[in-house]
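Chains as they are written, first to last, in full-length UniProt numbering: chain A, 1 to 687; chain B, 1 to 687.
Every residue, glycine too, gets a C-beta built ideally from N, C-alpha and C.
Right, one structure below, let's go through it.
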């Protein structure tokens, strides 16, 4: 006979019963559509069926153990990829779902894309198959100890020796050592090394070279190459990010990647025709980071929402003698439910960005580069904003879990540690805001010269600055709190704010401030612009995907209403967080500000009944969540206890069969038996 | 011949040369005075001289290894305490400076204080010496799987058996298992267990009992006691937080801690006279957490400031061909220097709170409990605010370090993980804000009844609400940005804001909102009130400690000016962060808001030249910082490379003498040699 469900199971079942929509209707949104979801769910099942990927003891393993576990995972991953002829999309997802940053990860996500983008057709014919089949295992070596993303400041040199038709790769200083290179430390046998190309003492700037690191025969490091793992990190525990120093290592001239620049046998250098085309890779990665942010936030929301629905603390209901579900406290709602709304906002902007990037790629193949700037700017701005939303929001959600949020069993910590890297890599978040601001400032100056110029939709609002005297007297037209639910009022407010910040930036620049003195203004403006397009994208996506039926069924209407409540929450949360920016030039009145605060509270109430439904809609498996607190069935306390069973401190050799801990005889018994001498604190203060 | 200093060493020396004050003048502020500093510096030297406390390989160790390392540390700690007859203050600091949460930590910081507070004099005579000399090693077992701080909801029972004059300790459910109990999992042989006291089926609520857990002879768990380590956590890696379930464990009646309540041989229960006196312990811990927050922020500031002074990226100076020190970018300053100001603000409030607590204890011994409420409220409010400042601020500072901030070698991660617990324990931060708000609301209602009532200085401003019609028309009197540097203008603004939020809370309550519906208002009010007293305390402390000379020397004037710049930064940062709250009722005009933003930028510029001086002033040793990036001498890049030497992946058995990694034959060679089969992605989308 099955056990009767416990209190927590009853609670979570009650939450599901009161949900006003079918969560499974929303899942494809987060998987990129119905068809793709079906395939990716099969990948999930495949991974879950392989013992090598089992996550049961992951939280107990130290770094060395995680690395040792990752090697068989890497091998099995390649075997499965080959066996099932996985598409690149599927194999990429398999790595995502394995949910450990295994040390070959960057071979396919960095080395191969750069090789394909930068090697000539001839080179690719030779190197491509070798790399695709893991004969070459590669890494991408750009960052150095002293410099990260600034290609112009790299110190590694590649000097041409015209006599022997070779490049001499060298690390002249300690700070020139390659550092942070994933897959380099222990695994890769080849690296694409970014190095200053030097011919006859002339420096042509950084260029990519294919440099063999380890013997293909026995994996020993090649002469002149000093390689090490670079030590423990916040996340990427299983990854061998590495350090490499080159001591005049010689490679053939043909190992320079020659799609864009070439060097002839005689040492004649040819420039690339479109230098900017060489940088497409970062834009692609930033675009994926937007979606990655959405899903990471959703993962935290799933755990936090489910646990806070079954966790009861505080005020007691006299009738039932039950305490209150913590999810019913506004202090908890206000820290978890906005993250839910950010997941939705971010996924819609991720879709928008992915579409734009696809369009850009299609255009480029026809020689049209007009979208280059937009793709660069929006991927930068969204990456900067969304990764910060995620990094901060996941931690805030963790803090809502009480003490148990501090346990790795919560499932909130391991993946967050890994996620924290995203605020830094592929363009540091604060730096990226300068790109966005510079672009907007440029558009503003163009508009002043030509008020009829064409602007793409997300920057059209800049036209309003042409009539500056009219602009500065704009006021928000909301006459009641209801007006703040109208998209045109909301979008106008966000447009006004962003436009005002452009104006202020322009004025400060005109007044003689240097660009680097305007950092803070750039950060503020970039955030304002990105928040605006996030809301615009959320609104458009909602209309396109969920308000698209001529005669909607009741189910469709309920679903639309539910998502709209999340949209409203996103709007009110963002407005409240940034309230001063709507107030400080008088655009909002004090009364309107009060409506915003009230609107935020109302939105929390509106989303609350469906919270567990939304947590379910993301489609995470229990296996991936690996969480005692956030699993589907709500059995949080039992799972917390069950997961302690595998703690190594509880088994041999750390605890013997009588239950006595390692080290008792040597370290504890002397204390207990009084061998550490008597204690008498000094009365004075002399030491 | 010594090596010439490298670029980074030159940079940090130049920073020190331009500092306008002597940093060592400030160090005693953070050590609790000159005399105490001298003693504590000796403790630091003592710890640094003992190999068992060496931190060189700490970042490489997994949890089991950290625990194994912690046992000899614990033993040596007790030996040193005894050998040097350390005072309780000194031995507490020794544990702080060891900087690892060793598994006996809570014996002295929780078990002993509770024993002393709750055991009767008779009981203490017996148990005190046994516990002080580590014959009894104890833990404090309050939290259960299902409940934390709410004593009233604990499920563990202590049922009196009058026949046998014994208590029967029992855990009736899974959620009643004790959980999170530090020192319990493997080490303690005694616990003070909080359990519902039951006599003749009558429940008298939670009371403390001394329960033996393990045999004093051989450390085996006693019959009926199931104990385990509870598994891995975000921090407290070396601590054996544990799980315990009691299966009708019998202890003598006298093992109830009987200072406040008693049960007689016949089973007659006597109530405590002053029930609230039993809760002094949490207040003491919260008070220490304020100082702990200040020092933790200071530690992050030290590392971040030093590294950002030697790290150069971006804009190049044409004359020197040097890039800009990243500390010169406002985007970096705005994220590190406010944390510096928070460290100062927090240490001054920590001193204020410590003094108040000492006064309270002195009063109590004379039977005067009038400070009870203030001590409780201010320790709660400050703990809530300052631990959040620290938890968020340290992470933000870490993100300013570029990629290297993600390495454990940064020295920013291990201690931050531990610090993150403080936002939850000793009262969850969001919950604590309710205590503060409830108190202020009560005072407001008292004022309405009696406008001449006595209020302690930090709440005197509430009197202004008596004339509500005057209050609501208050405006900030600043007529230029210079006025915002005047303390009376600043304090008036913070007082007005806090008072307004009290008024709004009172109105909302009057309008019928339930208390738990007012969570968000409580959080906002508590923060406003605490920010006000932090600024007041900073200002008063600055005057008292640094503006106290009749004829100040130039050095004293420079020191005062330097600290004042940090005070201004704290004020402007806080005002800017909370700008909407000064704007939304019209107290600030748009023009005044613009001055605040400008004032913040000005303050960053004013503090910047002394930034490294301030980083130095906290007095951290390199040994404690354990940071490649933040050590005194600025040799960041060399240290990053040097620290990789000890990475276990780089030595045997993980890498053999030929430089080949563990697992190559089994997992990598098959891939490189083509044994994983050929790869051909499917053209279709079938899986």
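Query, Result
"Under three-state DSSP, which class holds residue 522/A?", "helix"
"Do residue 188/A and residue 137/A have their C-beta atoms closer together than 9 Å?", "yes"
"Can you tell me the Cβ-Cβ gap for residue 505/A and residue 437/A, rounded? I've got them flagged as a contact below 8 Å.", "6 Å"
"Where does the unbroken alpha helix (DSSP H) through residue 597/B begin, and where does it stop?", "590-607"
"Apart from the five residues just before and just after residue 297/B, which ones in its own chain have a Cβ nearer than 6 Å to its Cβ?", "339, 342, 343, 390 and 393"
"Closest to residue 310/B by C-alpha separation, out of 300/B, 318/B and 323/B, would be which residue?", "323/B"
"Let me check understanding here. Comparing Cα to Cα, which of 352/A, 240/A and 558/A lies closest to residue 648/B?", "240/A"
"Is residue 530/A close to chain B? Criterion is C-beta to C-beta, closer than 9 Å.", "no"
"I'd like to know if residue 668/B contacts chain A, where contact means its C-beta is closer than 9 Å to some C-beta of that chain.", "yes"
"Just to confirm, are residue 150/A and residue 332/B a CB contact at a threshold of 9 Å?", "no"
"State the DSSP-derived secondary structure class of residue 162/A, mapped to helix, strand or coil.", "coil"
"I'd like to know whether the C-beta atoms of residue 448/B and residue 455/B end up nearer to each other than 9 Å.", "no"
"By Cβ distance, which residues of its chain are closer than 6 Å to residue 398/B, with the 5 residues on each side in sequence left out?", "405 and 412"
"Taking C-beta pairs closer than 8 Å, name the residues in chain B that residue 153/A reaches, listed in chain order.", "313 and 323"
"Tell me which residues share the same chain as residue 623/B and place their Cβ nearer than 6 Å to its Cβ, disregarding the 5 neighbours each side in the sequence.", "48"
"Sorted by chain position, which residues of the same chain lie with C-beta nearer than 7 Å to residue 44/A's C-beta, five sequence neighbours on each side aside?", "97 and 621"
"How would you call residue 170/A, buried or exposed, if buried means at least 16 neighbouring beta carbons within 10 angstroms?", "buried"
"Counting along the chain, where does the beta strand (DSSP E) carrying residue 208/B start and finish?", "202-212"
"Hey, could you find the ends of the beta strand (DSSP E) residue 141/B is sitting in?", "138-141"
"Using Cβ-Cβ distances below 7 Å, what residues of the stretch 570-587 of chain A are close to chain B?", "579, 580, 583, 584, 585 and 586"
"Three or more beta-carbon pairs under 8 Å between the stretch 602-619 of chain B and the stretch 302-321 of chain B, yes or no?", "yes"
"Just verifying my parser: in three-state terms, what is the DSSP assignment at residue 233/A?", "strand"
"According to the Cβ coordinates, are residue 336/A and residue 386/A closer than 9 Å?", "no"
"Report the neighbours of residue 219/B on chain A: residues whose CB is nearer than 7 Å to its CB, in chain order.", "660, 664 and 668"
"Report back the beta-carbon spacing between residue 630/B and residue 8/B to the nearest angstrom; my notes put them in contact at under 8 Å.", "With a Cβ gap of about 12 Å, residue 630/B and residue 8/B do not count as contacting."
"What span of residues does the alpha helix (DSSP H) with residue 10/B cover, start to end?", "7-18"
"Classify residue 315/B: buried if its beta carbon has 16 or more other beta carbons within 10 angstroms, exposed otherwise.", "exposed"
"Using the C-alpha atoms, what's the distance from residue 4/A back to residue 313/A?", "23 Å"
"Just to confirm my understanding: we take residue 142/A, look at its own chain, exclude 5 residues before and 5 after, and list those with CB closer than 6 Å. What are they?", "194"
"Scan the stretch 78-140 of chain A and note each continuous alpha helix (DSSP H) run of 4 residues or more that stays entirely inside, going in chain order.", "88-98, 112-118 and 121-132"
"Determine the closest residue to residue 669/A out of 468/B, 291/B and 74/B, with distance taken between C-alpha atoms.", "74/B"
"I'd like to know whether the C-beta of residue 282/A is nearer than 9 Å to at least one C-beta of chain B.", "no"
"I'd like to confirm the pairing. Which residues does DSSP put opposite residue 322/B in its beta bridges?", "317/B"
"Just checking, does the stretch 255-262 of chain A make contact with the stretch 119-131 of chain A on the three C-beta pairs under 8 Å criterion?", "yes"
"Is the beta carbon of residue 107/B sitting closer than 9 Å to the one on residue 672/A?", "no"
"Run through the DSSP bridge pairs and tell me what residue 178/A is partnered with.", "144/A and 244/A"
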